[in-house]
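Visitor: Sharing a structure here in structure tokens format.
Number of protein chains: 4
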Amino acid sequence: MKTRTLFIAILLMVTLSLTAQRRVVNMPDIPGYVTLKCDFHMHTVFSDGQVWPTVRVDEAWRDGLDAISVTDHIEYQQKKQYIPTDHNAAWKILQNTARDRNIILVQGTEITRGMPPGHLNALFITDADSLDREGFMEVIETAIGQGAFIQWNHPGWKSQQPDGIPRMYDVHREMIARGWMHGIEFSNEHEFYPLVMDMCRDNKLAVMGNSDIHGVISEEFSAPQYSHRPMTLVFARERTAAALKEALFAGRTAVWHGDLLAGFEENVAPFFRAAVTAGKPFRDDGKTIWFELTNSSDLPMELTGGPEGAPAAVSLPARSSVIIKADRRYLDEPVTYEVSNIITDSNSVLKAEIMPAAN
Amino acid sequence: MKTRTLFIAILLMVTLSLTAQRRVVNMPDIPGYVTLKCDFHMHTVFSDGQVWPTVRVDEAWRDGLDAISVTDHIEYQQKKQYIPTDHNAAWKILQNTARDRNIILVQGTEITRGMPPGHLNALFITDADSLDREGFMEVIETAIGQGAFIQWNHPGWKSQQPDGIPRMYDVHREMIARGWMHGIEFSNEHEFYPLVMDMCRDNKLAVMGNSDIHGVISEEFSAPQYSHRPMTLVFARERTAAALKEALFAGRTAVWHGDLLAGFEENVAPFFRAAVTAGKPFRDDGKTIWFELTNSSDLPMELTGGPEGAPAAVSLPARSSVIIKADRRYLDEPVTYEVSNIITDSNSVLKAEIMPAAN
Amino acid sequence: MKTRTLFIAILLMVTLSLTAQRRVVNMPDIPGYVTLKCDFHMHTVFSDGQVWPTVRVDEAWRDGLDAISVTDHIEYQQKKQYIPTDHNAAWKILQNTARDRNIILVQGTEITRGMPPGHLNALFITDADSLDREGFMEVIETAIGQGAFIQWNHPGWKSQQPDGIPRMYDVHREMIARGWMHGIEFSNEHEFYPLVMDMCRDNKLAVMGNSDIHGVISEEFSAPQYSHRPMTLVFARERTAAALKEALFAGRTAVWHGDLLAGFEENVAPFFRAAVTAGKPFRDDGKTIWFELTNSSDLPMELTGGPEGAPAAVSLPARSSVIIKADRRYLDEPVTYEVSNIITDSNSVLKAEIMPAAN
Amino acid sequence: MKTRTLFIAILLMVTLSLTAQRRVVNMPDIPGYVTLKCDFHMHTVFSDGQVWPTVRVDEAWRDGLDAISVTDHIEYQQKKQYIPTDHNAAWKILQNTARDRNIILVQGTEITRGMPPGHLNALFITDADSLDREGFMEVIETAIGQGAFIQWNHPGWKSQQPDGIPRMYDVHREMIARGWMHGIEFSNEHEFYPLVMDMCRDNKLAVMGNSDIHGVISEEFSAPQYSHRPMTLVFARERTAAALKEALFAGRTAVWHGDLLAGFEENVAPFFRAAVTAGKPFRDDGKTIWFELTNSSDLPMELTGGPEGAPAAVSLPARSSVIIKADRRYLDEPVTYEVSNIITDSNSVLKAEIMPAAN
């Protein structure tokens with residue numbers, strides 16, 4: 418027996434500056450590729466953001482990101498009265514900071530027009546000042562000339578598309594026809610647009626997801642439902658700027674938004690298999706088997722539509738295991754599920770097969 | 418630009434019963450062994466605990482434990498007025514529950530005397546009732562006859578050892594001489610006793626750490642400084658009861674208590690190497706190199722005593738990376754540190770060597 | 418300027434046992450009455466609960482409750498194999514504990530039948546053993562003879578009412594006719610039943626809300642959406658057992674469940690006025706006024722249906738202020754809102770009037 | 418009995434922008450005065466801070482502050498390459514924002530020199546540009562001419578005072594002699610300097626405590642030990658700029674830093690009495706009485722040095738109650754304690770008297 422009432426501990430605490438520590442993000446690599454965690458849409462005081470550019474690298478480092486692009490508006494400089502125009506300022510300020518934090522910095526900017534065409538990010542440009550001109554297609558052509566990846570931003574944003582439904586206009590079709598559009602935001606800040614999945618599939622564009630942060634990441638994405646900012650996962654041959662660019666143009670991406678993953682089957686199916694593993698049956702009573710199913714990733718997995726003789730639904734939280742109790746036949750054939758939070762187009766979710774490990 | 422004021426989300430929440438989900442504990446395996454997370458000291462309403470035995474298995478499942486022993490007192494049944502004596506009750510109640518949760522259940526009990534000899538747990542017994550007798554050495558002999566592993570509990574507990582300093586008495590030396598003592602608690606609930614490391618080293622005993630929980634694990638170990646209960650890590654050939662027993666008698670253990678790991682070098686050195694990895698230099702300016710150091714485990718690592726040309730101290734939180742900026746000579750020779758929170762005896766901490774991965 | 422990298426603090430922590438500290442619950446008194454926070458439905462190892470009775474008093478103390486009743490099932494003793502029947506055990510065990518914690522302990526039990534009549538709690542009884550008999554109405558009559566308050570539990574519980582819709586059966590009408598039913602659970606554990614509001618209104622019964630806890634309160638009600646257990650708020654003349662009983666029989670209750678408050682207007686309207694206060698206008702530009710609205714309670718207030726010239730909706734979190742910007746006419750007439758999370762029957766919510774304080 | 422496995426809730430969430438909600442800070446008023454929560458030291462991109470000035474008002478609103486001053490360095494404009502010098506910029510940018518949030522905005526700046534004199538804030542100035550000149554005493558004289566309150570900042574800051582011990586130099590004595598110094602920072606960011614209490618007492622200066630924030634408040638003060646930024650509590654006749662100024666010059670302040678309160682007895686003694694109340698004895702066995710002690714404030718109270726027949730030490734967390742069990746004699750005489758976390762000079766803590774309420 419023990420009585421325990423009160424104890425006193427002398428605690429030596431070493432608190433490092435917040436930026437000293439980088440979170441390990443558990444979004445696994447897939448066969449042949451490393452999974453780069455990226456955010457290609459963010460603002461600073463050089464347009465309508467609230468922070469100095471270095472804050473964006475500090476946040477990216479802490480959040481475990483591999484690559485970012487600071488994309489201030491060309492056409493909207495809210496603080497012009499105090500901060501003179503310099504479209505390349507953030508890029509110049511950040512290069513050393515990013516290099517010393519091992520963050521891949523992509524030069525970018527946001528081209529900001531009414532809808533159509535709306536807002537578009539030009540990524541991998543070399544000079545933002547050259548994009549400060551009138552004609553929209555001229556601007557895009559200039560960016561393309563610099564090797565840019567063009568991303569259409571938040572196509573269902575209600576300030577520009579009051580019903581919230583993303584729609585392609587002639588200008589977008591024209592851009593696609595010329596090869597001048599390469600990705601569309603499925604997810605932006607707190608919103609996502611399922612129809613973008615179909616647009617990307619039909620036009621072979623990359624699915625993108627970004628924070629579009631103006632304020633502070635830790636404040637904007639701290640509510641229980643947002644433990645992380647939206648990210649574009651890029652499946653790249655290696656962790657370099659060149660491999661990142663190749664993968665983006667090749668469309669090897671998925672979007673991690675809240676507890677949702679959106680991507681094409683060829684990308685998200687191997688991701689699921691890398692994240693979720695089944696153990697050996699630890700009990701077998703001749704009719705039924707018991708085995709553990711473990712999700713080592715930061716993405717919860719919601720399995721639904723289970724077959725007869727297996728659980729109809731399995732909620733498999735991030736970094737957790739559950740026990741599956743299933744009919745003995747599933748020693749020889751996989752249990753099939755729909756992963757209801759991994760969507761593959763506006764109308765489909767990932768199908769997954771699960772089998773206990775062989776004894 | 419975007420104005421963002423208010424948004425409404427329809428959220429579909431599936432909340433499973435708490436016991437449905439098992440936390441993945443990131444305490445890595447070491448070469449040749451799996452690292453079993455264990456708690457060999459806990460109580461229920463059958464002695465002076467506050468919960469029904471099944472709660473202990475539910476908690477163990479959620480906490481990611483591999484093996485537990487419920488060890489109610491033989492001699493102290495606080496609730497006898499309402500619950501008749503049955504020393505084997507918890508064992509009988511828990512067998513099916515533990516089996517269906519894939520938890521290794523070790524039958525145990527606490528032999529409860531004044532100091533000396535104090536309190537001792539007999540683990541791997543087969544009948545607790547047979548230990549309900551007067552003579553202390555007789556009780557131990559009976560347990561040994563059942564194949565028991567004998568653990569001396571909280572030797573520095575102030576209720577029995579007012580100055581808090583653990584001391585061997587004749588009876589303990591006698592037990593050791595006969596081979597009747599196999600482990601000592603370095604850690605118990607919120608306390609730990611550094612001198613136990615030396616007792617264990619000198620007598621080739623296993624270092625043990627347990628919760629000695631009477632109330633509720635999630636309440637007792639929830640303060641910021643206690644994100645997990647104290648655990649005995651057992652380095653076993655496989656995850657079976659037999660392999661667990663072999664490893665315990667062989668003394669292949671370490672104790673995880675708060676942010677502290679205590680164990681002998683042969684066990685904690687490979688643990689450190691499994692947990693901490695250095696990346697390739699991502700920058701090299703001819704004089705200095707930059708590389709990431711990543712701790713994938715749940716144990717923070719406090720590195721101190723760094724050499725010239727490297728950081729004097731590095732605080733490497735759990736599941737995090739930091740950047741090391743060091744002299745170029747450390748491409749060819751390791752940076753040496755003391756890991757100040759991994760202790761190897763009452764007076765020493767682990768020495769570790771770190772080198773960036775080859776390019 | 419300051420560089421800040423690393424600091425070391427020596428921290429002296431005094432951690433008291435969890436039970437030593439009692440949370441202040443900010444649910445204000447109303448004119449003429451103190452607001453007692455109560456839970457009249459909970460279980461222990463003496464029926465199908467998982468904890469010893471004293472845990473219930475410890476939890477109540479920490480949660481800031483004023484009164485509780487432990488209501489083990491008469492008819493369902495899951496642990497009978499190990500714990501002999503004693504329907505009054507919890508009551509006997511808890512009397513001194515509750516007295517020394519300043520908790521009003523109400524003797525109670527749960528009468529456990531199929532539907533109809535379902536499960537009912539008899540509160541303020543004097544001997545639970547006398548209720549262990551066959552005939553249901555006989556049992557109720559015996560309880561009534563002891564002065565009992567009879568509460569119908571979870572009338573929409575799906576195990577007994579598969580469609581989840583609470584319905585009165587003949588036996589319930591008969592009980593009401595005889596004056597043998599005094600309250601109905603609007604809320605039980607994680608569920609609530611809006612139709613119970615109408616049943617209580619039509620039959621002049623008390624609206625009740627309870628945890629029906631079997632496991633551990635801090636685990637069951639810890640998810641972000643459940644920061645507290647369901648409680649019956651009782652508006653009593655003073656904080657005594659007698660005043661509590663008088664108020665319950667008089668039906669002066671409301672139920673606090675998650676972010677919902679359910680009660681009749683005569684009780685919840687003064688509650689709202691005690692919780693929410695408007696400051697003086699701190700700005701007045703001749704057309705528009707600005708003033709703070711402060712909610713000092715633990716219940717968030719969701720105001721909707723605002724009039725022209727005032728915000729259409731106001732979300733006023735617990736223990737927080739917001740700024741209201743409204744037409745100047747609201748210096749002279751109140752702004753009217755519906756409080757959408759304070760419900761007064763199955764189809765109505767509280768109407769509230771707000772006016773800035775006079776300058 | 419109830420089986421509870423899984424439930425599904427449809428949750429309608431309305432998440433407001435972070436700035437919409439203002440925390441109620443429970444630091445009570447004292448007789449004759451309102452307790453204003455203030456921060457008089459913070460930076461923006463106009464010197465070496467990382468955020469736009471409006472962020473400081475947003476943060477202050479959320480944190481429940483009453484008054485702030487943005488005090489960018491005159492002499493250190495880290496971002497001059499991109500942001501032209503305008504010492505009054507933050508003041509101009511913030512006036513409307515602060516007015517519409519009901520925050521008292523004090524114009525201020527930081528005069529930034531080596532030690533001595535170190536760094537000083539001039540508060541309540543009318544033109545910061547006029548302070549951009551060479552001679553230190555000349556600058557102070559100009560500020561004084563504008564009616565400034567002069568605060569000496571972080572006198573023990575190690576970058577300027579390597580041993581961390583605050584010391585008065587001739588220049589400081591000269592300033593005091595002329596009436597040109599009015600307050601000293603006892604607390605700055607994560608540090609505090611007990612000796613400042615004595616300097617303030619001996620020279621009749623106000624004790625000040627401020628965040629000196631350069632980055633983001635919610636990130637810098639989020640660790641468990643810092644749930645709030647350091648604040649200067651000002652005991653003012655009313656919540657106006659004029660009353661604030663009067664109270665500051667009169668020295669009616671205290672500093673809230675972590676779990677510490679520092680102030681002179683005439684201010685902190687009434688604060689303690691406003692925060693801590695004792696209930697009536699709820700039990701009296703003829704020898705001993707039991708009563709509740711409630712702390713309704715956000716400051717924990719650590720009571721030590723209790724007399725015979727009462728608890729030696731009482732830990733009374735914020736917004737909580739504990740039970741005091743004391744000798745019956747304390748119905749007639751107060752129990753005396755030292756409040757070890759309310760310090761009144763470098764060597765003394767507050768003495769407090771506690772008596773149960775009369776029955």
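Chains as they are written, first to last, in my numbering: chain E, 418 to 776; chain B, 418 to 776; chain W, 418 to 776; chain X, 418 to 776.
We put the CB at the ideal spot given by N, CA and C, even for glycine.
Just so we're clear, the structure is a prediction, and the values are computed from it rather than from any experiment.
May I have the straight-line CA-CA distance separating Val468(W) from Met459(B), to the nearest angstrom?
Guide: Cα to Cα, Val468(W) sits roughly 15 Å from Met459(B).
Visitor: Which of the residues in the stretch 474 to 503 of chain X, read from start to end, lie with their CB under 8 Å from any CB of chain E?
Guide: Cβ contacts with chain E come from Lys496, Tyr499, Ile500, Pro501 and Asp503.
Visitor: Straight-line CA distance for Ala787(E) to Glu682(B)?
Guide: Only positions 418 to 776 of chain E appear in the structure, and residue 787(E) is not among them; the question remains open.
Visitor: Gln438(X) touches chain W at which residues, Cβ-Cβ below 9 Å?
Guide: Those within 9 Å of Gln438(X) in chain W are Ser732, Leu733, Pro734, Ser737, Ser738 and Val739.
Visitor: At the level of alpha carbons, what is the spacing between Ala426(B) and Gly675(E)?
Guide: Reliability of the predicted coordinates at Ala426(B) is poor, the pLDDT of 26 falling under 50, and the value obtained from them is presented with this limitation in mind. Distance between the alpha carbons of Ala426(B) and Gly675(E) is about 12 Å.
Visitor: Answer with buried or exposed for Asp465(B), where buried requires no fewer than 16 other C-beta atoms within 10 angstroms of its C-beta.
Guide: That one is buried.
Visitor: If you draw a straight line from the alpha carbon of Ser763(B) to that of Asp615(B), how long is it in whole angstroms?
Guide: Going by the C-alpha atoms only, they are around 6 Å apart.
Visitor: Kindly give me the distance between the Cβ atoms of Glu551(W) and Pro572(W), rounded to whole angstroms, as I take these residues to be in contact under 8 Å.
Guide: No, Glu551(W) and Pro572(W) are not in contact; Cβ-Cβ is about 23 Å, not under 8 Å.
Visitor: Using a Cβ-Cβ cut-off of less than 9 Å, list which residues of the stretch 696 to 714 of chain W approach chain X; keep chain order.
Guide: Those would be Gly696, Phe699, Arg700, Trp707, Phe708, Glu709, Thr711, Asn712 and Ser713, in chain order.
Visitor: Compare the C-beta of Ala506(E) with all C-beta atoms of chain X and state if any pair is closer than 9 Å.
Guide: Yes, Ala506(E) counts as interfacial toward chain X.
Visitor: Since Ser738(E) and Thr711(E) should fall inside the 8 Å C-beta cutoff, what is the C-beta to C-beta distance between them, to a whole number of angstroms?
Guide: About 4 Å separates the two Cβ atoms, so the contact holds.
Visitor: Going along the chain, which unbroken runs of the beta strand (DSSP E) with 3 or more residues stay wholly within the stretch 437 to 513 of chain X?
Guide: Fully enclosed beta strand (DSSP E) runs of 3 or longer: 451 to 456 and 484 to 487.
Visitor: Considering Ala671(B), what are the terminal residues of the alpha helix (DSSP H) in which it resides?
Guide: First-last for Ala671(B): Thr670 to His674, but that is the beta strand (DSSP E), not the alpha helix (DSSP H).
Visitor: Which residues in chain B sit within 7 Å of Gly441(E), going by Cβ to Cβ distance?
Guide: The sequence given here places Val at residue 441(E); Gly does not occur at that position. In chain order: Thr711, Ser713, Arg736, Ser737 and Ser738.
Visitor: Mapping the DSSP letters down to three states, classify Lys575(B) as helix, strand or coil.
Guide: If DSSP states are grouped into helix, strand and coil, Lys575(B) belongs with coil.
Visitor: Give every residue of the same chain whose Cβ lies closer than 8 Å to the Cβ of Pro445(X), excluding the five residues on either side of it in the sequence, and list them in chain order.
Guide: Result list for Pro445(X): Thr452, Phe688, Ala691, Ala692, Ser713 and Ser714, in chain order.
Visitor: Leaving out five residues on either side along the sequence, give the residues of the same chain with a beta carbon under 8 Å from the beta carbon of Arg736(B).
Guide: Excluding residues within five positions, the ones whose Cβ falls inside 8 Å are Asn443, Asn712, Ser713, Ser714 and Asp715.
Visitor: From Glu636(W) to Thr649(W), what distance separates their C-alpha atoms?
Guide: If I take the Cα positions, the gap works out to 20 Å.
Visitor: Within 10 angstroms of its Cβ, does Lys496(W) collect 16 or more other Cβ (buried), or is it exposed?
Guide: The residue in question, Lys496(W), is buried, as its Cβ has 16 or more Cβ neighbours within 10 Å.
Visitor: Under the three-state reduction of DSSP, which class applies to Phe708(B): helix, strand or coil?
Guide: If DSSP states are grouped into helix, strand and coil, Phe708(B) belongs with the strands.
Visitor: Alpha carbon to alpha carbon, how far is Ile485(X) from Lys621(X)?
Guide: Cα-Cα distance, rounded: 23 Å.
Visitor: Taking 9 Å as the cut-off, decide whether the C-beta atoms of Ala694(E) and Asp744(E) are in contact.
Guide: Sequence check: residue 694(E) is Thr here, not Ala. Going by C-beta atoms, Thr694(E) is not nearer than 9 Å to Asp744(E).
Visitor: Considering only residues of the same chain and omitting the five flanking positions on each side of Ile447(E), which have a CB-CB separation below 7 Å?
Guide: The residues are Phe652, Pro687, Phe688 and Ala691.
Visitor: Which residues share a DSSP beta bridge with Glu608(X)?
Guide: DSSP, once it has assigned bridges, lists Asn605(X) as partnering Glu608(X).
Visitor: By Cβ distance below 7 Å, which residues in the same chain neighbour Glu492(E) in space, the five residues on each side in sequence not counted?
Guide: Excluding residues within five positions, the ones whose Cβ falls inside 7 Å are Thr529.
Visitor: Taking Asp546(B) as the reference, give the member of Pro533(B), His504(B), Arg746(B) and Gly535(B) with the closest Cα.
Guide: Ranking the options by Cα distance to Asp546(B), first place goes to His504(B).
Visitor: How close, in whole Å, do the beta carbons of Ala774(E) and Tyr754(E) come, if the pair is a contact with beta carbons under 8 Å?
Guide: Contact flag wrong, Cβ pair sits at about 17 Å.
Visitor: Does the Cβ of Lys662(X) have 16 or more other Cβ atoms within 10 Å, making it buried, or fewer, making it exposed?
Guide: Buried, by the Cβ-count rule.
Visitor: Between the alpha carbons of Arg473(X) and Lys697(B), how many angstroms are there, rounded?
Guide: Cα-Cα distance, rounded: 40 Å.
Visitor: Less than 6 Å between C-beta atoms, sequence neighbours within five positions excluded: which residues of the same chain meet that for Asp629(E)?
Guide: Here the set comprises His458, Asn605 and Glu606.
Visitor: Bridge partners for Ile768(W) per DSSP, in chain order?
Guide: Contrary to the premise, residue 768(W) reads as Lys rather than Ile in this sequence. BP columns for Lys768(W) point to Glu755(W).
Visitor: Just tell me which of Tyr450(X), Pro751(X) and Cys617(X) has its CA closest to the CA of Glu725(X).
Guide: When each option's Cα is compared against that of Glu725(X), the closest is Pro751(X).
Visitor: Alpha carbon to alpha carbon, how far is Ala560(E) from Asp587(E)?
Guide: Straight-line Cα distance between these residues: approximately 20 Å.
Visitor: Under 7 Å Cβ to Cβ from Ile593(E), same chain only, skipping five residues before and after it: list those, please.
Guide: The answer, listed in chain order, is Asn620.
Visitor: Can you pull the DSSP bridge partners for Arg700(X)?
Guide: According to DSSP, Arg700(X) bridges with Trp707(X).
Visitor: Can you tell me whether Thr761(W) is buried or exposed? The criterion is at least 16 other CB atoms within 10 Å of its CB, across all chains shown.
Guide: Result: buried.
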